[in-house]
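> One structure, as structure tokens, below. Some questions next.
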Amino acid sequence: MNGAGGGPAIEAEGLVKAFGEVRALDGLDLHADAGTVLGVLGPNGAGKTTAVRVLTTLLRPDRGRARVAGLDVVADAAALRERIGLAGQYAAVDENLTGIENLVMVGRLYGMRRKAARARADELLERFGLADAGRRIVKTYSGGMRRRLDLAAALVARPPVLFLDEPTTGLDPRSRLDLWEAIEDLVADGTTVLLTTQYLDEADRLAHRIAVVDHGRVIAEGTADELKSRVGGERLEVEVADATCAAAAAEALAPMAADEPVTEGAHVRMAVRGRDGAIVEAVRRLDAAGLDVRDLVVRRPTLDDVFLALTGHAAEPQGGDRDDAEREEVAA
Amino acid sequence: MRRLIPDTLVLAERNLLRLPRQPDLLIGFTIQPIMFVLLFAYVFGGAISTPGFDDYKQFLLPGIICQNVAFGGFVTALGLAEDMGKGLIDRFRSLPAARASVLAGRAVADVVTNLLGLVIVLGTGLVIGFRFDAPAGEILAGFALLLLFGFASSWIFAVIGLSVSTPEAANGIGFTLIFPITFISSAFVPVESMPAGLEEFAEANPVTTLVDALRALWLGAPAGNDVWLAFVWCVVLIAIFAPIAVAKYRRAASR
Chain A
77 MNGAGGGPAI EAEGLVKAFG EVRALDGLDL HADAGTVLGV LGPNGAGKTT AVRVLTTLLR
137 PDRGRARVAG LDVVADAAAL RERIGLAGQY AAVDENLTGI ENLVMVGRLY GMRRKAARAR
197 ADELLERFGL ADAGRRIVKT YSGGMRRRLD LAAALVARPP VLFLDEPTTG LDPRSRLDLW
257 EAIEDLVADG TTVLLTTQYL DEADRLAHRI AVVDHGRVIA EGTADELKSR VGGERLEVEV
317 ADATCAAAAA EALAPMAADE PVTEGAHVRM AVRGRDGAIV EAVRRLDAAG LDVRDLVVRR
377 PTLDDVFLAL TGHAAEPQGG DRDDAEREEV AA
Chain B
41 MRRLIPDTLV LAERNLLRLP RQPDLLIGFT IQPIMFVLLF AYVFGGAIST PGFDDYKQFL
101 LPGIICQNVA FGGFVTALGL AEDMGKGLID RFRSLPAARA SVLAGRAVAD VVTNLLGLVI
161 VLGTGLVIGF RFDAPAGEIL AGFALLLLFG FASSWIFAVI GLSVSTPEAA NGIGFTLIFP
221 ITFISSAFVP VESMPAGLEE FAEANPVTTL VDALRALWLG APAGNDVWLA FVWCVVLIAI
281 FAPIAVAKYR RAASR
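Protein sequences appear in the order of chains A and B.
According to my numbering, the first sequence is numbered sequentially starting from 77.
According to my numbering, the second sequence is numbered sequentially starting from 41.
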């Protein structure tokens, strides 16, 4: 089943892709071993989708090379399309067809005979809890159902390598969880998955290794734990009662910080050296500076902190993007 | 390439399956043409004199059928614009399907919808008194010409659909282009009745050639070179617009 035979299933070296002035990919390197999940994490416009489009043969890179399942994405593009599945953030299924019709169509475009495609469609609908909805037109599906059908469509030909471009963007928590479980099942069966996401918890949960992408290149790579340890130790977060005092609080806390404290509104965040006594010391310092504190917490670093530390800006999607995703859900 | 035909048929089937589920589109090429036939026949019919034809309905039917077929590619423009917007084009391109099959599947599905439209308009015509006046072979040649013209129209509309970002824009551009082109022709009135300038345009318009050819094939009207010229026009339009559509598809899809 596994096309790459234990070796790397995805290998990209120095990928460059420019659209006019904008360099969507600027020397991107990626690597995923067969049977693992590579999380590609980054904000909107970081180049995640462009990377997926290059690796799935939709886009030719200007420079660099990439092999997927042992095949070159440019030279062997036609053969490679037989061995990959792609599911995207826009749930690319035909909403005027039924679930069955969508999957049968995809199966036949993979070269399957009608009967075999139909059998495979039934199997996938069953697996993704869509058996009852299979004869309904996709227009009547919920967002989560569409996403599951989209994933099912990507799996029709049992591809050894699967690309999921922001598979849960715009989904409600319950649907996200369902989709995560479906992805975990696939990986348990030996599928290699490249997953792009803006959600750090998603990468944290699903990915064996994570590549953090910004401005078209990988700025950090490793397991979730490795990345977290790169940010240093525990994180201290303080919320002062009066937002105008945030800078003063940052200054007061600076001596105990392992990095530059970041202020945002009434919040001050920083890495501290060692957990022991951090709370007591912080309270004492703030008190000495005569500052009122509303909230104070010391916690393990999350991937959010990694992202902030690496890029200087937060990884969570901007308000506007989320609105878009929701609007799409409503319109759809 | 070996897969072009089966993949095209799969995608044509998909396009046809969608059709009955889009009532707005369905009305566009069933009810609307009937309405046009009736309006023209009974509202304008009495005011338009058509020397050489017994009745305006005889003159009108070939013209309105050509106009209808010219609009036949509309479904292609709307469908392509929609597929681009919704990311379906990416899905198709990530599959091992033949590259040209997405566009060819559209054009082939349009042939079927054109046939349906033809039957509807012709049926309406027969009900209100249109009668063929030509040998069976020539009548069939007329049908072949119309389907070929419809196929050409699909490629023109494919270019429109791939040039715009939304189905609404495709709709707007399609109407603004096709309406004048079909009206400034011999489709609805004799071109001699038009003011100078318009008359020259109408004479040179391939729609006029097509309509005159159809009148020759179905009613035995004098044709000159129109019949074979009409076939040549269709082939030329396909030869021009199909490569443009394919090139645009390649570029648009790799944005």
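Glycine included, every Cβ here is placed at the ideal spot set by N, Cα and C.
So, with DSSP's three-state summary, where would you put A:GLU310?
Position 234 of the first sequence, counted from the start, is the residue given in the question as residue 310 of chain A. Of the three classes helix, strand and coil, the one that applies to A:GLU310 here is coil, per DSSP.
> Tell me which same chain residues have a C-beta within less than 7 Å of the C-beta of B:PHE302, skipping the five on either side of it?
Any property of residue 302 of chain B remains undetermined from this structure, which presents chain B solely from 41 to 295.
> Using a 10 Å radius around the Cβ and a threshold of 16 neighbouring Cβ atoms, would you call B:TRP258 buried or exposed?
In the second sequence, counting from the first residue as 1, residue 258 of chain B sits at position 218. Under this definition B:TRP258 is a buried residue.
> Within 10 Å of its beta-carbon, does A:ASN172 have 16 or more other beta-carbons around it, so buried, or fewer, so exposed?
The residue given as residue 172 of chain A occupies position 96 in the first sequence. Classification of A:ASN172: buried, given that the 10 Å Cβ count is 16 or more.
> Using a beta-carbon distance below 7 Å, is A:ASN120 in contact with chain B?
For this step, residue 120 of chain A is matched to residue 44 along the first sequence. A:ASN120 does not count as touching chain B.
> Would you identify the three-state DSSP class for A:ARG203, choosing helix, strand or coil?
Taking the first sequence and counting its residues from 1, the one referred to as residue 203 of chain A is at position 127. A:ARG203: helix per DSSP, three-state reduction.
> Can you tell me whether A:VAL316 is helix, strand or coil according to DSSP?
Here the question's residue 316 of chain A lines up with position 240 in the first sequence. The answer is strand: DSSP assigns A:VAL316 an E or B state.
> I'd like to confirm the pairing. Which residues does DSSP put opposite A:ALA163 in its beta bridges?
Taking the first sequence and counting its residues from 1, the one referred to as residue 163 of chain A is at position 87. Paired residues: A:LEU240.
> Less than 8 Å between the CB atoms is what I'm expecting for A:VAL214 and A:VAL169, so what's the real figure, rounded?
Position 138 of the first sequence holds residue 214 of chain A. Position 93 of the first sequence holds residue 169 of chain A. Confirmed, about 6 Å.
> Could you work out which residue in A:THR387, A:VAL382, A:ALA328 is closest to A:ARG360 when comparing CA atoms only?
Here the question's residue 360 of chain A lines up with position 284 in the first sequence. Answer by Cα proximity: A:ALA328.
> Does the Cβ of B:TRP195 have 16 or more other Cβ atoms within 10 Å, making it buried, or fewer, making it exposed?
For this step, residue 195 of chain B is matched to residue 155 along the second sequence. Result: buried.
> I'd like to know whether the C-beta atoms of B:SER225 and B:GLY112 end up nearer to each other than 7 Å.
For the purposes of this step, residue 225 of chain B is identified with residue 185 of the second sequence, where counting begins at 1. For the purposes of this step, residue 112 of chain B is identified with residue 72 of the second sequence, where counting begins at 1. Against a cut-off of 7 Å, the Cβ pair of B:GLY112 and B:SER225 comes out as no contact.
> Applying the criterion that 16 or more other CB atoms from any shown protein chain within 10 Å of the CB defines a buried residue, is A:VAL406 buried or exposed?
By one-based count along the first sequence, residue 406 of chain A stands at place 330. Any answer about A:VAL406 is weak, because its pLDDT of 35 lies below 50 and its placement is not dependable; what the coordinates show is given next. Exposed is the call here.
> Mind checking which residues open and close the alpha helix (DSSP H) that includes B:ASP252?
Residue mapping note: residue 252 of chain B aligns to position 212 of the second sequence, counting from 1. Looking at the DSSP string, the run of the alpha helix (DSSP H) that includes B:ASP252 is 246 to 259.
> Please identify the residue among A:ALA264, A:GLU87, A:VAL316 whose C-alpha is closest to the C-alpha of A:VAL149.
Locating residue 149 of chain A in the first sequence gives position 73, counting from the first residue. For A:VAL149, the nearest C-alpha among the options comes from A:GLU87.
> How do the segment 365 to 378 of chain A and the segment 320 to 340 of chain A stand: do at least 3 beta-carbon pairs fall below 8 Å, yes or no?
Touching, per the Cβ criterion.
> Please list the terminal residues of the continuous beta strand (DSSP E) segment that includes A:PHE95.
Here residue 95 of chain A refers to the residue found at position 19 of the first sequence. 84 to 95 is the extent of the beta strand (DSSP E) around A:PHE95.
> Between the C-alpha atoms of A:PRO393 and A:GLN274, what's the straight-line distance to the nearest angstrom?
Position 317 of the first sequence, counted from the first residue, corresponds to residue 393 of chain A. Position 198 of the first sequence, counted from the first residue, corresponds to residue 274 of chain A. Confidence at A:PRO393 is low in this model, with a pLDDT of 49, below 50, so the placement of that residue is unreliable and no value is reported for it.
> Spatial neighbours of B:THR222 within its chain, please: C-beta separation below 6 Å, excluding the five flanking residues on both sides.
For this step, residue 222 of chain B is matched to residue 182 along the second sequence. The answer, listed in chain order, is GLN107, ALA110, VAL247.
> At 8 Å on the CB atoms, spell out the chain B contacts of A:VAL182, in chain order.
For the purposes of this step, residue 182 of chain A is taken as residue 106 along the first sequence, with counting starting at 1. Here the neighbours are ARG131, LEU135.
> Could you say which of B:GLY103, B:VAL142, B:THR153 lies nearest to B:PHE114 if we only look at CA atoms?
Position 74 of the second sequence holds residue 114 of chain B. Checked all of B:GLY103, B:VAL142, B:THR153; the closest Cα to B:PHE114 is B:THR153.
> Whose C-alpha, out of A:PRO235, A:VAL130, A:GLU313, A:THR387, is nearest the C-alpha of A:VAL374?
In the first sequence, residue 374 of chain A corresponds to position 298, counting from 1. The residue with the shortest Cα to Cα distance from A:VAL374 is A:GLU313.
> Determine the chain A residues that contact B:LEU47 at a beta-carbon separation under 7 Å, and present them in chain order.
Looking up residue 47 of chain B in the second sequence gives position 7. Note that residue 47 of chain B is Asp in the sequence shown here, rather than Leu. Here the neighbours are LEU185.
> Cβ of B:ARG139 less than 7 Å from any chain A Cβ?
Position 99 of the second sequence, counted from the first residue, corresponds to residue 139 of chain B. Output row for B:ARG139: interface = no.
> To the nearest angstrom, report how far apart A:PRO235 and A:VAL116 are at their CA atoms.
Here the question's residue 235 of chain A lines up with position 159 in the first sequence. Here the question's residue 116 of chain A lines up with position 40 in the first sequence. Computed Cα separation, rounded: 20 Å.
> Strictly below 8 Å CB to CB, what residues from chain B border A:ASP170?
Counted from its first residue, the first sequence places residue 170 of chain A at position 94. Per Cβ cutoff of 8 Å: ARG54, ARG58, LEU128.
> Tell me whether the beta-carbon of A:ASP241 lies closer than 7 Å to the beta-carbon of A:THR112.
Residue numbering aside, residue 241 of chain A sits at position 165 when the first sequence is read from its first letter. Residue numbering aside, residue 112 of chain A sits at position 36 when the first sequence is read from its first letter. Taking 7 Å as the Cβ cut-off, A:ASP241 and A:THR112 do not qualify as a contacting pair.
> On the DSSP letters alone, give me the boundaries of the beta strand (DSSP E) that A:GLY298 sits inside.
Your numbering for residue 298 of chain A matches position 222 in the first sequence. Run containing A:GLY298: 293 to 298, per the beta strand (DSSP E) assignment.
> Beta strand (DSSP E) containing A:ASP371: first to last residue?
Counted from its first residue, the first sequence places residue 371 of chain A at position 295. Looking at the DSSP string, the run of the beta strand (DSSP E) that includes A:ASP371 is 369 to 375.
> Restricting to runs no shorter than 3 residues, where is the beta strand (DSSP E) found entirely within the segment 133 to 195 of chain A?
You should have 139 to 144, 160 to 163.
> For the alpha helix (DSSP H) containing A:GLY220, list its first residue and its last residue.
Indexing the first sequence from 1 puts residue 220 of chain A at position 144. Run containing A:GLY220: 219 to 231, per the alpha helix (DSSP H) assignment.
> Quick check: what's the CA-CA separation for A:GLY161 versus A:ARG196?
Reading the first sequence from its first residue, position 85 is the one you call residue 161 of chain A. Reading the first sequence from its first residue, position 120 is the one you call residue 196 of chain A. Cα to Cα, A:GLY161 sits roughly 15 Å from A:ARG196.
> If the cut is a Cβ gap below 9 Å, which residues of chain B does A:ARG157 touch?
As a first step, residue 157 of chain A is located in the first sequence; it is residue number 81 there, counting from the start. Simply ARG133, SER134, LEU135, PRO136, ALA137.
> Using three-state DSSP, classify B:THR206 as helix, strand or coil.
If you number the second sequence from 1, residue 206 of chain B lands on position 166. In this structure, B:THR206 counts as coil in the three-state DSSP scheme.
> If contact means a Cβ-Cβ distance below 9 Å, which residues of the segment 144 to 162 of chain B contact chain A?
Going along the segment 144 to 162 of chain B in chain order, one finds no residue with a Cβ nearer than 9 Å to chain A.
> Mind listing, in chain order, the continuous alpha helix (DSSP H) runs of no fewer than 4 residues lying wholly within the segment 110 to 170 of chain B?
Listed in chain order, they are 114 to 126, 128 to 134, 141 to 168.
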